[in-house]
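Residue numbers (my numbering), protein chains in the order written: chain A, 67 to 440; chain B, 67 to 440. Built from N, CA and C at the ideal position, the CB exists for glycine as well.
Number of protein chains: 2
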Amino acid sequence: MKFEILYQSKKSRARVGRIHTPHGVIDTPNFVAVGTNGSIKGLDSLVVENLGIQLMFCNTYHLLLQPGSKLIQQAGGLHRFMNRTAPIITDSGGFQVFSLAYGGVASELKSQGTKKTDASVVKITEDGVWFKSYRNGDKIFLTPESSIQAQKELGADIMISFDELPPYHTDQQSLEKSLERTHRWEKRSLDAHLANPNHQALYAVIHGGVDINLRKKSCEYLSSLPFDGFGIGGSLGKNKPEMINMLTQVMPSVPTERPNHLLGIGDLPSIAECIPLGLDTFDSSYPTKAARHGTILTPDNQHYNVTRTRFALHQRPLVDDCTCYTCQNYTASYLQHLFRAHETTAMNLASIHNLHVMVTVMAEYRRKIADGEI
Amino acid sequence: MKFEILYQSKKSRARVGRIHTPHGVIDTPNFVAVGTNGSIKGLDSLVVENLGIQLMFCNTYHLLLQPGSKLIQQAGGLHRFMNRTAPIITDSGGFQVFSLAYGGVASELKSQGTKKTDASVVKITEDGVWFKSYRNGDKIFLTPESSIQAQKELGADIMISFDELPPYHTDQQSLEKSLERTHRWEKRSLDAHLANPNHQALYAVIHGGVDINLRKKSCEYLSSLPFDGFGIGGSLGKNKPEMINMLTQVMPSVPTERPNHLLGIGDLPSIAECIPLGLDTFDSSYPTKAARHGTILTPDNQHYNVTRTRFALHQRPLVDDCTCYTCQNYTASYLQHLFRAHETTAMNLASIHNLHVMVTVMAEYRRKIADGEI
């Protein structure tokens with residue numbers, strides 16, 4: 067993997083870059099679409115590639131349980147299995163495993179820290195994490211080494227180091243201990259990777275929650291190691307202002323010569339605030355999940371719901387002048403009907419539109435940075 | 067509408083024909099795909115048109131309740147609403163209304179005639195049928211005239227006369243009375259249609275259940291009227307042999323110079339037996355419904371389920387040498403994974419394949435008839 071910086075803004079930390087991978091180029095800043103099971107819901111790989119989605123995020127945890135990383139390896143790797151010729155990034159599996167323990171980011175935030183780890187679901191040791199398959203109850207032991215092995219079998223262009231995801235509500239001592247262990251796990255991930263590089267790249271994950279000093283310490287340690295790039299992970303705060311505050315203070319400590327990725331954030335308002343901070347890539351299932359509920363993104367960072375009565379007779383595209391397949395061929399009125407009739411075609415067409423908006427908005431950000439507007 | 071017969075088999079009643087409609091040609095024999103709500107589940111109109119589906123079946127009953135035929139008329143008709151440029155056929159709404167009364171064909175057959183009409187759902191008078199909207203409980207009165215009006219608003223190329231669907235388990239007197247009323251309703255449908263032809267065509271529906279004499283009487287009466295074609299409807303028997311027996315005896319009484327359509331039957335084995343009897347078109351949701359359960363059709367009239375374990379590592383297309391989009395781009399192994407991961411993309415890709423098989427199998431039947439093989 068090679069990272070070029072084409073333009074560095076003089077106004078902000080924003081930059082335009084290009085990540086070169088064995089499966090092609092990723093222009094940055096960019097949005098990374100999430101296809102958990104090796105498919106973006108309702109769309110097939112060629113449709114996604116033709117939309118111009120340069121990097122796709124697949125979840126190691128889900129693929130480990132179904133169909134299994136070894137089966138995908140036998141099929142020639144994830145690209146060949148799902149017929150995607152463009153780059154793929156996989157996560158370590160850690161996020162989903164710890165989501166099981168804490169019940170997901172949103173519900174953990176809501177619980178105010180009262181929810182405790184369910185010992186039957188997950189057990190954390192220095193070596194790794196025990197968890198139960200939600201598919202068949204099998205006990206599975208995930209370690210830095212086994213996560214990297216699975217990601218090797220999947221053959222992603224970019225892999226992510228195995229980390230611990232401590233909850234937002236945790237005490238200082240636990241957070242510090244978790245960070246130290248995460249650093250040990252990430253070093254082990256790197257060692258496992260470097261033993262068999264296989265033309266893949268490996269990102270570290272910067273942790274420390276909303277504790278700025280811990281975040282900086284994490285940046286310092288991880289940037290001393292030969293990772294190919296950096297994810298910003300762990301708890302990003304309880305709301306957007308807290309996240310932006312943390313990133314504003316931490317981004318100056320993230321190495322600029324390597325690409326970085328904000329894990330799990332990809333709504334348009336957050337992206338707008340993060341790009342001037344120097345963030346390169348963003349993954350989120352938001353644009354496609356929103357689409358499946360009829361929420362239509364517009365290129366001006368707004369959205370509306372096409373199932374609302376006032377669009378019943380809207381004989382125009384979802385967004386005027388939009389060049390996406392959906393807007394070129396179907397009206398908001400027809401989309402509303404398909405949603406109300408519970409036709410999955412509605413979700414597919416809305417997903418195509420929302421992903422197209424993400425692709426065009428990101429290209430527009432790159433132009434603005436290059437033109438000195440950001 | 068114009069119907070040409072290009073070849074009449076000397077071996078059987080099979081023929082190759084061509085129906086000319088305002089939205090283009092339908093080659094016969096042909097399969098008619100069912101898109102109940104103005105969309106074939108999981109696929110959009112352009113995909114369906116590019117698959118070569120020359121005639122699509124939409125259900126007036128469903129479209130009346132959502133979004134309403136008047137809204138579709140305001141949108142410029144069903145073709146424009148759903149962006150289909152090729153021919154569309156709509157039914158009268160009667161079938162669904164009577165299915166509510168008798169609980170559907172399959173469950174009525176199973177019930178051995180013990181299930182009685184639920185008076186709260188439907189009330190039949192000489193004038194028409196009262197039913198309750200399943201969406202909002204509104205009471206709606208459907209008559210021959212209102213059905214034709216709705217189909218005029220939808221703007222289908224081919225409309226179907228309003229008829230009564232008596233259950234399979236009925237006594238001779240009720241069946242005869244029902245047939246007489248159906249004939250009166252069909253005549254009223256024709257009169258309503260001819261008052262405003264609007265470049266649309268209207269098919270009669272031949273009734274009489276499995277009573278051959280009543281069927282012949284129905285053929286005689288309906289062929290005396292200027293309908294553009296004939297559907298074979300009502301109860302077709304409790305199994306395929308009974309249906310084939312009925313059709314074998316009745317088809318010689320169906321006028322040959324006008325096209326005919328077998329309502330609701332479209333599985334490959336039935337089509338194979340019906341073509342030599344002189345049937346022209348067949349509608350069924352079977353190929354797409356089967357696809358959504360992982361059942362893959364093959365061009366030799368067989369099928370298999372791709373979710374079975376032995377296809378887990380089948381790194382080949384669903385059907386070798388198949389030229390469909392799905393088989394050209396994805397493996398059976400990947401499709402199995404998508405089904406097992408509950409990804410709707412699996413259903414979409416399998417539907418594309420199964421519809422492609424229907425299109426190619428029907429083209430092959432036309433070739434065989436023209437070549438004197440059937």
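Let me know if residue i comes out buried or exposed under the rule of 16 or more other beta-carbons within 10 Å of its beta-carbon.
| i | result |
| --- | --- |
| A/Thr389 | exposed |
| B/His327 | buried |
| A/Lys68 | exposed |
| B/Ser350 | buried |
| B/Ser78 | exposed |
| A/Asn414 | buried |
| B/Asn202 | exposed |
| A/Ala356 | buried |
| B/Lys283 | buried |
| A/Ser336 | buried |
| A/Asn420 | buried |
| B/Gly438 | exposed |
| A/Leu401 | buried |
| B/Asn96 | buried |
| A/Ala261 | exposed |
Tell me the rounded alpha-carbon separation between residue i and residue j.
| i | j | result |
| --- | --- | --- |
| A/Ser199 | A/Ser212 | 15 Å |
| B/Gln132 | B/Asn103 | 8 Å |
| B/Val425 | B/Ser158 | 26 Å |
| B/Gly332 | A/Ser255 | 56 Å |
| B/Leu109 | B/Cys124 | 14 Å |
| A/Gly330 | A/Gly299 | 8 Å |
| A/Cys285 | A/Lys253 | 13 Å |
| A/Trp251 | A/Tyr287 | 13 Å |
| A/Cys393 | A/Ile418 | 9 Å |
| A/Thr98 | A/Met148 | Looking at the sequence itself, residue 98 of chain A is Val, so the reference to Thr does not match. Distance between the alpha carbons of A/Val98 and A/Met148 is about 17 Å. |
| A/Asn311 | A/Pro342 | 13 Å |
| B/Thr183 | B/Val195 | The predicted position of B/Thr183 is uncertain, since its pLDDT is 46 and thus under 50; no value can be drawn from it. |
| A/Leu208 | A/Ser227 | 12 Å |
| B/Asn279 | B/Pro307 | 18 Å |
| B/Thr126 | B/Phe164 | 13 Å |
| B/Val385 | B/Thr364 | 7 Å |
| A/Gly90 | A/Ile119 | 12 Å |
| A/His408 | B/Ile106 | 12 Å |
| B/Gly142 | A/Thr397 | 12 Å |
| B/Asp237 | B/Phe348 | 28 Å |
| A/Asn305 | A/Asp277 | 15 Å |
| A/Ser290 | A/Ser319 | 12 Å |
| B/Ala222 | B/Leu129 | 12 Å |
| A/Thr354 | B/Ile440 | 50 Å |
| B/Gly160 | B/Ser399 | 42 Å |
| B/Leu117 | B/Ala258 | 35 Å |
What residues in its chain sit with their C-beta under 7 Å from that of residue i, if we drop five residues either side in the sequence?
| i | result |
| --- | --- |
| B/Glu219 | Ser135, Lys136, Ile138, Gln139 |
| B/Thr248 | Asp229, Glu230, His273 |
| B/Gly360 | Asn371, Val372, Thr373, Phe405, Ala416 |
| B/Ile71 | Arg81, Gly83 |
| B/Arg432 | Val82, Asp93, Pro95 |
Going by DSSP, what residues sit across from residue i in a beta bridge?
| i | result |
| --- | --- |
| B/Gly295 | B/Tyr269 |
| B/Arg433 | DSSP, once it has assigned bridges, lists no residue as partnering B/Arg433. |
| A/Glu115 | Answer is none; A/Glu115 lacks a bridge partner. |
| B/Tyr73 | B/Val82 |
| B/Ala99 | B/Met122, B/Ser350 |
| A/Asp93 | A/Arg84 |
| B/Ile154 | B/Met122 |
| A/Phe197 | A/Val188, A/Ile206 |
| A/Lys68 | A/His86 |
Beta-carbon within less than 6 Å of residue i's beta-carbon, same chain only, minus the 5 sequence neighbours each way: which residues are those?
| i | result |
| --- | --- |
| A/Pro325 | Phe69, Ile85, Gly295, Asp346 |
| B/Gln239 | none |
| B/Val316 | Arg281 |
| B/Gln162 | Tyr127 |
| B/Ile92 | Ile85, Gln120, Leu121, Pro153 |
| B/Glu242 | none |
| A/Leu302 | Met309 |
Under 9 Å Cβ-Cβ, which residues of chain C neighbour residue i?
| i | result |
| --- | --- |
| B/Lys107 | Looking at the structure shown, chain C is missing, and the protein chains on hand are A and B. |
Within its chain, find whatever has a CB closer than 8 Å to the CB of residue i; leave out the 5 residues flanking it on each side and keep chain order.
| i | result |
| --- | --- |
| B/Val114 | Ala99, Gly101, Ile106, Met122, Arg150, Leu421 |
Minimum length 4: unbroken alpha helix (DSSP H) runs contained in the region 320–408 of chain B:
The qualifying runs are 334–340, 352–358, 391–395, 398–406.
Runs of 4 residues minimum, wholly inside the region 201–264 of chain A: which ones carry the alpha helix (DSSP H) assignment?
210–220, 238–260
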